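To start, the structure itself, in structure tokens.
Protein chains in written order, with our numbering: chain A, 1 to 395; chain B, 1001 to 1193; chain C, 2001 to 2478.
See the structure below:
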């Protein structure tokens, strides 16, 4: 990618950040023009992790695309699975002959694993942002908690990162025997850990001064630039798909949505890095509450005789070979924002078009605007506050 | 702050622009079909009209109609605009058919800055040129890539800058399941430029 | 009661040792310059290096283990010392075939004395230290093509000099000061300034935009923070009336069990404040988090030492740890009584020279290590300040505080009613110290504390309360 320097002034330095990073943001390359202190232009270079997932979607059968959705965002793979499966189910439901009903137990399990994965994904997000600002410890404390979630998922489906667990019509396996106890034990141990985490970094004056007032995205800008998820809510827009366009059993659960309110105090502005960071922390709290609620309303497993497939899966093997011809657009709330699937079907067992719209893509789109005029030291903090993961940008 | 149904949105738009056709897909999903020439005016109307106020793009994408089973068959490239209104909490879909021979569509980035990246991706992967886009460059593929991968007649290149994509004896396994479309471009002649 | 007085010659007991060794080396009672030099090296410099050098070398593994403990993981605990042992056995038993050497090694490692030692070394990560050291030494010696050769090569040595040289004037015990000079404090600060030169040279000599940027920024930070360091030292100098570090340490002598009451930090709250400022400004001088923005610039490159690899980088790292130890030594000497023990000092003074040197040296090393570990604790807890915040902290907060403290010290000394004859400490003459009396002490401590409380409350009111969401996240409230 060529960079055009607008003025041939000798004072400008062109610096290349990436694609290899010591930080955990993956293979993202940003070319920065700076006078040494302040960034003047910032040009991201994408494509280092482009794996043509959308093209692969046109080559494999509908149910077999689920493992690829894991790789669209491997930090929150359950939510990525869920987004695609819900979209495929909506497509099947547009015709009464191919309609599929997901069992209630599967719906509850879906929300349970999605919220657990939201917790672990946000832990990475806030931990990586703290690490970029110079505090190495909170990230590792978050990783320690994430390991417990990974242990739960490993017992559930055998995987610790890319789960391939949520399927079209339900989930792949039922919960294991003492899953509810293990999850409850984790949640009980997790809440005081988060209090410690927040006392360590969130209320730290240095951290707050690094993030307050930095990279402010106003409400209208956030909407016009297509930001979604915690980035949008950090700018003060009260919108969450789990509450406003509920899917699964979210309508029953009643999700409380945190919105950015200049949390940093005197120096804070609505829509700065600190707001986006804090919205994620509040979402972690909310996810813990949602997990507990789901465990309360989880229906017992169906008896084998009554439901030959099991109470956690609807049988879609026949209908998915001849889905209705047409298209569907369906979006769900992944940790990084709305994950929108636009599926076009030609009536065969292989999709015609699978389109994944991810939140990190739009966040990357606003980088060049937001970093102009920022300090060089803030660039990584800004990237961290937008919580971009490169697999979502490049797919 | 009231959400309008798709029919009402279609009626309002058609009232302002009679050449817009409210259609629906085969499985009943409504959309508005717009010609490329009218696109910017229609989108601007949808964004600024008080009762519609589509202030953000949910998605701006496209797909190729080559060999799609429809009557009459078409080889155009569809550009899909999925619009959402935070104010009224309603949505709509706008489709533009860009003919394959003259694949140009006006840009929407002057209306929604979110379109900047989306349109770059549609150019990269589907080959639709968005006129008026300030930086119409490839975004995923390398800058010197040839071809637009998501097109249905895309030929997988055998090598890139002389580096082969396949080892000896390998072949592409997952070729598209549509007959009549070659999957792999022939190997270029070994001539030094 | 005055401790046993010694001869009033420089470096009393050890001075004799130097003379004796020099005479023995040269074979005549009037040793030449070379024999004297060797004697000085052996008697004074080698022990000092033997104390400081290993601590700085072990600093790397201490850092990793402490970081691991804070981050709730193990740190290096897998690499053992069998490798170097095997090398040793191969060298010593060169006449035996290889199988026999290995068998001997196995038998040795299985000895009931040796096995737990090896296990402990493995768990403590000492094997990792050796492995990393060998790796570092074995790296290719790269000098970038665009680098200014001499400047690039010279910078690490200057950094080492700048951090080791001030140890000359730090008193390690009553008898051991390498350089007995009446301007010790000034010498220490001035010699530490060589590091600034070294960083500037490193940034420039690398021939690399990033390094230049990092070097300039590091130099700006170091030069700025020399001001609070100098002012803090000036406060102690004002109080003690001398620049001689040995005398300053000696004046903190207090007879009786609670000899820590004689420490400068407890003489006046302004001195306590200056001690804290010296510690934090020293942290900035060492470029440790939260002040390491020059070397961790956006975590992309290492700032001024980007182009340094292998042993050259090792020298910079060693210089950084040594400077941390130096700050610890300065804080200890100026504010914490130097080499004196906090609980009873007379019995140590009554020991023979060698024992007294060892005990006092160990006490000073313990204080240095405490500061060292505290600096590491801070590093792994706090995030990093941005460059403008670092400068603002120095110029707008630390410097006014230092000036305020100096003013306070001067006022305290002025208001001191009478003087008591100071205790003669060893060979150092008695010196009058300001005597405040009970009322004076109450006022001297009470007024600044009250002012401090009022200032903090006003600042809190101005800064605003914590957002309720933050209060909720930290578990204190609804």
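In this text, a Cβ means the ideal position worked out from N, Cα and C, and glycines have one as well. Computed from a prediction, not measured in an experiment: that's the story for all the values here.
Can you check DSSP and say which residues form a bridge with residue 337 of chain A? A/334
Would you say residue 266 of chain A and residue 234 of chain A are within 8 Å of each other, going by their C-beta atoms? no
Pull up the DSSP beta-bridge partners for residue 1077 of chain B, would you. B/1064 and B/1098
With 16 other CB atoms within 10 Å as the buried threshold, where does residue 2114 of chain C fall? exposed
Under 9 Å from the C-beta of residue 2072 of chain C: neighbouring residues of chain A: 137, 140, 141 and 144
Determine, using beta carbons only, whether residue 94 of chain A comes closer than 8 Å to chain B. yes
Kindly give me the distance between the Cβ atoms of residue 1120 of chain B and residue 1136 of chain B, rounded to whole angstroms, as I take these residues to be in contact under 8 Å. Their Cβ separation, rounded to whole angstroms, is 7 Å, which keeps residue 1120 of chain B and residue 1136 of chain B in contact under 8 Å.
Take residue 321 of chain A as the anchor and find which of A/312, A/63, A/363 and A/231 has the nearest alpha-carbon. A/63
Judging by CA-CA distance, which residue of C/2134, C/2258 and C/2389 is the nearest neighbour of residue 2347 of chain C? The candidate whose alpha carbon is nearest that of residue 2347 of chain C is C/2258.
Quick one: what's got a C-beta closer than 8 Å to residue 1029 of chain B's C-beta in the same chain, skipping five residues either side? 1093
So with Cβ pairs under 8 Å, would you call residue 1025 of chain B a contact of chain A? Closer than 8 Å to some Cβ of chain A, the Cβ of residue 1025 of chain B qualifies, so yes.
Short CB-CB distance (under 8 Å) between residue 1107 of chain B and chain A: no
For residue 2390 of chain C, which of C/2160, C/2293 and C/2339 has the nearest alpha-carbon? Checking every option, the nearest Cα to that of residue 2390 of chain C belongs to C/2293.
Which bits of chain A does residue 1151 of chain B rub up against, with CB to CB less than 7 Å? Chain A residues near residue 1151 of chain B: none, gap ~10 Å exceeds 7 Å.
May I ask you to list the residues that DSSP assigns as paired with residue 2163 of chain C? In DSSP, residue 2163 of chain C forms no bridge with anything.
Does the beta carbon of residue 9 of chain A sit closer than 8 Å to a beta carbon anywhere in chain C? Per-residue confidence for residue 9 of chain A stands at a pLDDT of 48, beneath the threshold of 50, marking its modelled position as unreliable; the derived number appears in the next sentence. Taking Cβ atoms only, chain C never reaches closer than 8 Å to residue 9 of chain A, which makes this a no.
How many Å lie between residue 2299 of chain C and residue 132 of chain A at the Cα? Residue placement at residue 2299 of chain C is poorly supported in this model, since its pLDDT is 47, which falls under 50; the coordinates still yield a value, given next. Whole-angstrom Cα-Cα distance: 7 Å.
Consider the Cβ of residue 324 of chain A: report whether some Cβ of chain B lies at a distance smaller than 8 Å. yes
Could you check whether residue 360 of chain A and residue 331 of chain A sit closer than 8 Å to each other, using their CB atoms as the reference points? Cβ distance not < 8 Å, so residue 331 of chain A and residue 360 of chain A don't count as in contact.
Proximal residues, the stretch 2314-2347 of chain C versus chain A, C-beta separation under 7 Å: none
Exposure of residue 81 of chain A, with buried meaning 16 or more beta-carbon neighbours within 10 Å: Buried: at least 16 other Cβ atoms inside 10 Å.
Which residue comes first and which comes last in the beta strand (DSSP E) that contains residue 2466 of chain C? Segment: none, residue 2466 of chain C is in no beta strand (DSSP E) and carries neither H nor E.
Contacting residues, own chain, Cβ-Cβ under 6 Å from residue 2067 of chain C (five flanking each side not counted): 2380
Any 3 or more C-beta pairs closer than 8 Å across the stretch 32-45 of chain A and the stretch 361-371 of chain A: yes
Which same chain residues end up closer than 8 Å to residue 1007 of chain B when comparing Cβ atoms and leaving out the 5 residues on each side of it in sequence? 1022 and 1030
Going by DSSP, name the residue or residues bridged to residue 1059 of chain B. Bridge partners of residue 1059 of chain B according to DSSP: B/1082.
Verify the CB distance criterion: does residue 1114 of chain B have a CB-CB separation below 8 Å to chain A? Closer than 8 Å: yes.
Of the residues that make up the stretch 361-373 of chain A, which ones have a beta carbon closer than 9 Å to any beta carbon in chain C? none
Any 3 or more C-beta pairs closer than 8 Å across the stretch 1134-1149 of chain B and the stretch 1106-1123 of chain B: yes
So that I know if they touch, is there some Cβ in chain B lying closer than 8 Å to that of residue 40 of chain A? no
For the beta strand (DSSP E) containing residue 16 of chain A, name the first residue and the last one. Counting along the chain, residue 16 of chain A sits inside the beta strand (DSSP E) bounded by residues 13-17.
Under the criterion of a Cβ to heavy atom distance below 7 Å, does residue 2229 of chain C qualify as lining the ligand MN? Among the ligands in the structure shown, none appear at all, so the ligand MN cannot be discussed.
For residue 1118 of chain B, three-class secondary structure by DSSP: helix
Hey, could you find the ends of the alpha helix (DSSP H) residue 1045 of chain B is sitting in? 1039-1048
For residue 2421 of chain C, count the other beta carbons within 10 Å of its own beta carbon; 16 or more makes it buried, fewer makes it exposed. Which is it? Because the pLDDT at residue 2421 of chain C is just 48, under 50, the model does not fix this residue reliably, and the value given afterwards should be weighed accordingly. Its Cβ having fewer than 16 others within 10 Å, residue 2421 of chain C is exposed.
What does the Cβ neighbour count give for residue 2461 of chain C, buried or exposed, with the cut at 16 atoms within 10 Å? Exposed: under 16 other Cβ atoms inside 10 Å.
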